[in-house]
Amino acid sequence: MNEQLPDSAARREGVTVSSPAGVDTSTGAAPVALAPALRPATREELTALPLEVAPRLLGGILTVTIDGQRAAVRITEVEAYHGKGTGPVPDPGSHARMGYTKRNATMWGEPGHLYVYLSHGIHSCANVVCGPEGEAGGILLRAGEVVEGLELARARRPAARTDRELARGPGRLGDALGLRHALHDGIDVVDSTPFGGAVVSLQMRDEPLAEVASGPRVGIAGVAGTDAFPWRFWIPGDRTVSPFRWGRGAAEAAASARLSPGDPGR
55 MNEQLPDSAA RREGVTVSSP AGVDTSTGAA PVALAPALRP ATREELTALP LEVAPRLLGG
115 ILTVTIDGQR AAVRITEVEA YHGKGTGPVP DPGSHARMGY TKRNATMWGE PGHLYVYLSH
175 GIHSCANVVC GPEGEAGGIL LRAGEVVEGL ELARARRPAA RTDRELARGP GRLGDALGLR
235 HALHDGIDVV DSTPFGGAVV SLQMRDEPLA EVASGPRVGI AGVAGTDAFP WRFWIPGDRT
295 VSPFRWGRGA AEAAASARLS PGDPGR
């Protein structure tokens, strides 16, 4: 799967490109390039289930200030994760699928905080906690465009060959912003209270994006990484969106699900 597939090819790969309600795309005219209206995220709107909030984070801005140095990313790709008992569909791909643990404790807390976890023992990945307190849910910030603090992000990510790669992937995004597990796990993005030497704020768009693409989550094992869970959302055609890859056993699970019980190839 590729984030820049045309609509016809995208749909063959289990990708859906949709226009949120209230957005008129029937004219075919090129959009006028205006800076979107942004506003601070509220605790109330983040109390909704992650699957509802996730596409609304696209185009928003996450800003992190550490020791007076500020970096910000425009969010271009996210993934929703529900917890045990969060929403009508159990999520076998969630860190909270087996219940409360010391590692995932932040997911079970008040919405509007960052759940920052360590991936592969190296990279700090950030999730915006969403959903009712005590039910566990989050939205992984998979990719973004650095829109402030470019030199700072470059210094933090010297391996990036181009600026579009600075925050192209969840670990890279965390590194570019200077977020660290466990120092910043639990930091509040709504009240922007200083925590672990950092201040973080989240701004969201007043109006939804004209188009949002959705498809299976990246690198998630088994059925949780198939189009049975099309809980990855991204801005179509944005060059900072990360490439898709199957998780362990996910491609096989997806192929098996496409065969009906009466299919002779089963």
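If you want the working numbering, it's the position in the sequence shown, counting the first as 1, plus 54.
Beta carbons are placed, not taken as given, at the ideal position from N, Cα and C, and that holds for glycine.
Just so you know, these numbers come straight off a predicted model, no measurement behind them.
(message) Cutting at 8 Å between CB atoms, please list the residues of its own chain near residue 218, excluding the five before and the five after it.
(response) Counting from 1 along the sequence shown, the entry for residue 218 is found at position 164. 199, 293 and 294.
(message) Do residue 161 and residue 191 count as a contact pair if the criterion is CB distance below 8 Å?
(response) On the sequence shown, residue 191 is found 137 positions in, with the first residue counted as 1. On the sequence shown, residue 161 is found 107 positions in, with the first residue counted as 1. It is a contact, given that the beta carbons lie within the stated cut-off.
(message) Just to confirm the assignment, what range does the beta strand (DSSP E) spanning residue 94 have?
(response) As a working note, residue 94 is residue 40 in the sequence shown. Per DSSP, residue 94 is one residue of the beta strand (DSSP E) stretching across 92 to 94.
(request) Tell me where the alpha helix (DSSP H) around residue 263 begins and ends. (result) Within the sequence shown, residue 263 is the residue found at index 209, counting from 1. Per DSSP, residue 263 belongs to no alpha helix (DSSP H) and is neither H nor E.
(request) Helix, strand or coil for residue 148, going by three-state DSSP, please let me know. (result) Start at 1 with the first residue of the sequence shown, and residue 148 comes out as number 94. Here residue 148 sits in coil by DSSP.
(message) Is the beta carbon of residue 177 closer than 8 Å to that of residue 228?
(response) The count along the sequence shown starts at 1 and reaches residue 228 at position 174. The count along the sequence shown starts at 1 and reaches residue 177 at position 123. Between residue 228 and residue 177, the CB-CB gap stays under 8 Å.
(message) Please identify the residue among 115, 108 and 280 whose C-alpha is closest to the C-alpha of residue 91.
(response) The count along the sequence shown starts at 1 and reaches residue 91 at position 37. Selection 115, 108 and 280 evaluated against residue 91 yields 115 as nearest (Cα-Cα).
(message) Assuming contact is defined by CB atoms lying nearer than 8 Å, are residue 322 and residue 105 in contact in what I supplied?
(response) With the chain covering only 55 through 320, there is no way to say anything about residue 322.
(message) Distance check for residue 286 and residue 212, CA to CA, integer angstroms please.
(response) Position 158 of the sequence shown, counting from 1, holds the residue named residue 212. Position 232 of the sequence shown, counting from 1, holds the residue named residue 286. Rounded to the nearest whole angstrom, the CA to CA distance from residue 212 to residue 286 is 28 Å.
(message) Using the three-state DSSP reduction, which class does residue 305 fall into: helix, strand or coil?
(response) Counted from its first residue, the sequence shown places residue 305 at position 251. In the three-state reduction of the DSSP assignment, residue 305 falls in the helix class.
(request) Tell me whether residue 144 is buried or exposed, calling it buried when 16 or more other Cβ atoms sit within 10 Å of its Cβ. (result) In the sequence shown, counting from the first residue as 1, residue 144 sits at position 90. Taking a 10 Å sphere around the C-beta of residue 144, we find fewer than 16 other C-beta atoms and assign the residue as exposed.
(request) Taking residue 131 and residue 196 to be in contact with their CB atoms under 8 Å, please state how far apart those CB atoms are, rounded to whole angstroms. (result) Counted from its first residue, the sequence shown places residue 131 at position 77. Counted from its first residue, the sequence shown places residue 196 at position 142. The C-beta separation of residue 131 from residue 196 comes to about 4 Å, placing the pair in contact by the 8 Å criterion.
(request) With DSSP as the reference, label residue 105 as helix, strand or coil. (result) To locate residue 105, count along the sequence shown from 1; it is residue 51. Looking at residue 105 - three-state DSSP - the assignment turns out to be helix.
(message) Could you give the first and the last residue of the continuous beta strand (DSSP E) run that contains residue 124?
(response) For the purposes of this step, residue 124 is taken as the residue at position 70 of the sequence shown. Residues 123 to 136.
(message) I'd like the span of the alpha helix (DSSP H) that includes residue 225, first residue to last.
(response) The residue you call residue 225 lines up with position 171 of the sequence shown. Taken as a continuous stretch (DSSP letters only), the alpha helix (DSSP H) holding residue 225 covers 224 to 231.
(message) Classify residue 236: buried if its beta carbon has 16 or more other beta carbons within 10 angstroms, exposed otherwise.
(response) Along the sequence shown, one-based indexing puts residue 236 at 182. An exposed status is given to residue 236, since fewer than 16 other beta-carbon atoms sit within 10 Å of its beta-carbon.
(message) One question on the structure: do residue 282 and residue 311 come within less than 8 Å of each other, judged by their Cβ atoms?
(response) By 1-based counting over the sequence shown, the position of residue 282 is 228. By 1-based counting over the sequence shown, the position of residue 311 is 257. Taking the C-beta atoms as reference points, residue 311 is found nearer than 8 Å to residue 282.
(request) Can you tell me which of 108, 186, 122 and 158 puts its alpha carbon nearest to the alpha carbon of residue 269? (result) In the sequence shown, counting from the first residue as 1, residue 269 sits at position 215. Comparing Cα positions, the closest option is 108.
(request) Starting from residue 206, follow the alpha helix (DSSP H) in both directions and report where the run begins and ends. (result) Indexing the sequence shown from 1 puts residue 206 at position 152. Residue 206 -> alpha helix (DSSP H) spans 204 to 210.
(message) For residue 119, report the span of its beta strand (DSSP E) as first-last.
(response) Counted from its first residue, the sequence shown places residue 119 at position 65. Residues 115 to 120.
(message) With H, G and I counted as helix, E and B as strand and the rest as coil, what does DSSP make of residue 288?
(response) On the sequence shown, residue 288 is found 234 positions in, with the first residue counted as 1. Note: residue 288 maps to strand in three-state DSSP.
(request) Would you kindly work out how many angstroms separate the C-alpha atoms of residue 265 and residue 186, rounded to a whole number? (result) For the purposes of this step, residue 265 is identified with residue 211 of the sequence shown, where counting begins at 1. For the purposes of this step, residue 186 is identified with residue 132 of the sequence shown, where counting begins at 1. Taking the straight line from one Cα to the other gives about 28 Å.
(message) Going by the DSSP bridge assignment, what does residue 184 pair with across the sheet?
(response) The sequence position of residue 184 within the sequence shown is 130, counting from 1. The beta-bridge partner set that DSSP reports for residue 184 is empty.
(message) For the beta strand (DSSP E) containing residue 170, name the first residue and the last one.
(response) One-based indexing of the sequence shown puts residue 170 at position 116. For residue 170, the enclosing beta strand (DSSP E) stretches over residues 168 to 173.
(message) Quick check on DSSP: helix, strand or coil for residue 239?
(response) Locating residue 239 in the sequence shown gives position 185, counting from the first residue. In the structure shown, residue 239 sits in coil (DSSP, three-state: anything other than H, G, I, E or B).
(request) Under 8 Å by Cβ, that's how I've got residue 232 and residue 129 pegged, so tell me the actual separation to the nearest angstrom. (result) Translated into the one-based positions of the sequence shown, residue 232 becomes position 178. Translated into the one-based positions of the sequence shown, residue 129 becomes position 75. Actually they are not in contact, since the Cβ atoms of residue 232 and residue 129 sit about 17 Å apart, beyond 8 Å.
(message) Going by C-alpha to C-alpha distance, which of 284, 305 and 300 sits closest to residue 71?
(response) The sequence position of residue 71 within the sequence shown is 17, counting from 1. Closest in alpha carbon position to residue 71, among 284, 305 and 300, is 284.
(message) What residue range does the beta strand (DSSP E) around residue 272 cover?
(response) Taking the first residue of the sequence shown as 1, we reach residue 272 at position 218. Neither: residue 272 is in no beta strand (DSSP E) and is coded neither H nor E.
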